[in-house]
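In full-length UniProt numbering, the protein residues as written are 1 to 186. Think of the CB as a built atom: it goes at the ideal place given N, C-alpha and C, for glycine as much as any other residue.
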């Protein structure tokens, strides 16, 4: 394995960590209606648990509400039950054709809890980035030990890997800070 491959693998792992952070942060409520908040809801559709987005049209008419229009009116009750069972804390309003969900305002205490959760998720992403760095540095050391590369090449590779790590940790911090700010903004 060449140094370029080691760097590329480390970069790919770090990219994956950043993408996973983004996905995890999407699941955290900010007090605004975001369709991604409903991604984990599964509706019992003819005996098969199906994602809500596959059995209904979901829209956000304003910043604080959802409008869910099922493809088949017959599954309105199933959708309503799935929303009630979910841990969203929203009460569905069924008018016989569509379901409306109002996103409740976040309390100050809940905002602080969510901000802590963001910090925890960001720290997990930082750890994953550092683990990618450690794995890459181990590979470089192995190449040096096997005399596949010189000591100078190894030091340069470790420096490059550290620079990539620092860049990714800055990105993680930036993404987490933006999410935290959106949560704490009333």
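Residue burial annotation: residue 73 is exposed, with fewer than 16 other C-beta atoms found within 10 angstroms of its C-beta. The DSSP-derived three-state label of residue 102 is strand. Inter-segment contact for the region 76 to 88 and the region 44 to 57 is present: three or more beta-carbon pairs are separated by less than 8 Å.
Three or more Cβ pairs closer than 8 Å define a contact, and the region 134 to 149 falls short of that threshold against the region 27 to 47. Here residue 67 is bridged, per DSSP, to 59 and 100. Cα atoms of residue 120 and residue 67: separation of roughly 32 Å, rounded to the nearest angstrom. With a 10 Å radius around the Cβ and a threshold of 16 neighbouring Cβ atoms, residue 134 comes out exposed. For residue 165, the three-state secondary structure derived from DSSP is helix.
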